[in-house]
Amino acid sequence: MFSDVIEAAVITLQRRAMHTRDSYDLERSERAIDELLRDPENPSGSARHRIRSARGHAYEVLERRKAIAPRAIMHAGMTEPSCTEHSFSRTEWLDWIRTEPTFNLIDRTILHSLAVGEDAETLAARHNLPLPRMRQRISRARRVAREARANLDLIE
């Protein structure tokens, strides 16, 4: 029914859609899934290539939609000053660390501690470990985080 390439691509896009909080990204993923399911038996290319291609086509459709119906400025007469919340990206990182399924408890604890500003010496003292051992654990936790982030980038 489905080729293995299409099945892998659809599963990857579905996982991405489940974890997004952005309506534009969700719409783009849904359109990409629809495109992949229009020809489910086509095994050409890798899953990564098919995802990139389908998301690219979805991007083009959504950009055409923007050109046809430009958005109205909602708060054109707004006179109140606004600001960018500086802790927003930190909150996003902490939320990602808290919810990423590939992290085990040790990695999650170490990454959370590092994200809130602790260092290797503090962690080593708290966990009663020698400093070189704690640095090794930190290095491993960062590697796991880089791999998890790369998998997210692959999905994008």
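The opening position of the sequence shown corresponds to residue 437 in the working numbering, with each subsequent residue numbered one higher.
The beta carbon of each residue, even a glycine, is placed where N, CA and C say it ideally should be.
Since the structure is predicted, the reported quantities are computational estimates derived from the model, not experimental observations.
Boundaries of the alpha helix (DSSP H) around Ser465: Ser459 to Arg474. Residue Glu466 holds the alpha-carbon nearest to the alpha-carbon of Leu498 among Thr456, Arg562, Arg582 and Glu466. Taken through DSSP and simplified to helix, strand or coil, Ser525 comes out as helix.
In chain order, Arg526, Trp529, Leu530 and Ile533 place their CB closer than 8 Å to the CB of Ala551, counting only its own chain and leaving out the 5 sequence neighbours on each side. Put simply, the backbone Cα of Lys502 is about 30 Å away from that of Ser482. The C-beta separation of Leu559 from Ala581 comes to about 15 Å, leaving the pair out of contact by the 8 Å criterion. If the five residues before and after Ala453 are omitted, its C-beta is found closer than 7 Å to the C-beta atoms of Leu462, Ser465 and Glu466, all from its own chain and listed in chain order. Cβ-Cβ distances below 6 Å link Ile469 to Val446 and Leu449 in the same chain, with the five nearest sequence neighbours on each side left out; the list follows chain order.
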